[in-house]
Amino acid sequence: MYAESASLPGAADRPNEDWSATAVPTPGGGGAVVVLDGVTPPAGDDGCVHGVPWFTARLGGALTGLCASRGELTLAEILAEAIRRTADSHRSTCDLSHIRTPQATVVAARWDAQRVEHLVLSDSVLLLESPAGAVRAVRDDRLDRVPREVLRSHEATDRWRNAEGGFFTAAADPGVARRAVTGVSPRKEVRALAALTDGASRWVELFGEGDWRDCFRVLRKEGTRGLLHRVRTLERHEAGAGGSRRWKLHDDATAVFAEL
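Note that numbering that gives the first Met the number 0 gives residue 96 to position 97 of the sequence shown, counting from 1, and the numbers run on in steps of one.
In structure tokens:
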């Protein structure tokens, strides 16, 4: 296995709320990738004394450890347990019922000699490349279905957050793991994969510089740092792009690339 990652904060004056890790080996002699994108709350009370970077580090650490040690559990079961452990670690100090309690999008992949498992929750993306070079994007598109006029208001968006008919993120309820997009591919059908937070997937989804196969070619040729550099350059040159989904000029951006 070969893996590399890169991450850039959206602004120099605030912490990066993304989080990523790779683990080798996992049960069966394979590996795992975990990528989180912390959800930046609007200014004001979110019921937590810790903040989003603390949350993503706790949840990401629990996810990675469980992926690397509990081969008998599915990724959905692992996500549920990681959420439970993270919630327990600040239940006594924070209001976990707050709609804006720290939360994150999740991408997780785990493989051994026979299969590749995947899990995606909310708007980060996982790319799976076949030995022939075809690239499949695994996405949770529920946020895309939220009306644009809703996304223009934080308060309106809150009514769709972790709600039936809306979109879901990993917060304090382990039950959200059942909402994740999951699947299993034969190991022989996947030679490489990439996980991107939405700050990195902007290259395709916001700026339309190519499709997911083109994005994978950039990752192979220029690496994860090369993709993020391309995104930042586009953001500076096209500062007006993005409409209702683009809250800020730059977003935290993370990319992980792994050859299996």
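Glycine included, every Cβ here is placed at the ideal spot set by N, Cα and C.
On a predicted model such as this, the values are computed, not experimentally measured, just so you know.
Taking a contact to require three or more Cβ pairs closer than 8 Å, the region 92 to 107 and the region 156 to 173 qualify as touching.
In the structure shown, the three-state DSSP call for L120 is strand. Boundaries around E3 are those of the beta strand (DSSP E), 1 to 7, since no alpha helix (DSSP H) includes it. The DSSP-derived three-state label of F167 is coil. F54 sits in a helix when the DSSP states are folded into three classes. Looking from the CA of A108, the closest CA among V32, E234, F256, S91 belongs to V32. Within the region 9 to 53, the complete beta strand (DSSP E) runs of at least 3 residues fall at 17 to 22, 30 to 37. By the criterion of at least three beta-carbon pairs nearer than 8 Å, the region 89 to 99 is not in contact with the region 188 to 197. In the structure shown, P185 adopts extended strand secondary structure according to DSSP, grouped into three states. In this structure, F215 keeps its C-beta atom at 8 Å or more from the C-beta atom of E237. Collapsing the DSSP output to three states places F215 in a helix. Under the DSSP definition of a beta bridge, T253 partners with S6. Taking all protein chains in view, the Cβ of V48 is surrounded by fewer than 16 other Cβ atoms within 10 Å, so the residue is classified as exposed. Short of 7 Å from the beta carbon of A81, and not among the five residues preceding or following it, lie these beta carbons of its own chain, in chain order: L58, A61, L62, L65. The region 84 to 94 makes no contact with the region 144 to 161; the number of CB pairs closer than 8 Å stays below 3. D36 is a Cβ neighbour of T196, given a cutoff of 8 Å.
Taking every protein chain shown into account, the CB of T253 has 16 or more other CB atoms within 10 angstroms, so this residue is buried. As the crow flies, the alpha-carbon of R135 is around 20 Å from that of S4. Sequence-distant partners of P14 (beyond 5 residues in either direction) whose C-beta falls short of 6 Å from its own C-beta, in its chain, are P52. R229 and G164 have their alpha carbons spaced roughly 35 Å apart.
In this structure, R186 places its C-beta atom within 8 Å of the C-beta atom of A112. P130 and V175 have their C-alpha atoms roughly 33 Å apart. Bounds of any alpha helix (DSSP H) do not take in V134; it lies within the beta strand (DSSP E) bounded by 134 to 138. Leaving aside the five residues that flank R178 on each side, the residues in its chain whose CB is nearer than 6 Å to its CB run, in chain order, F167. The criterion of a C-beta distance shorter than 8 Å is not satisfied by A42 and T21.
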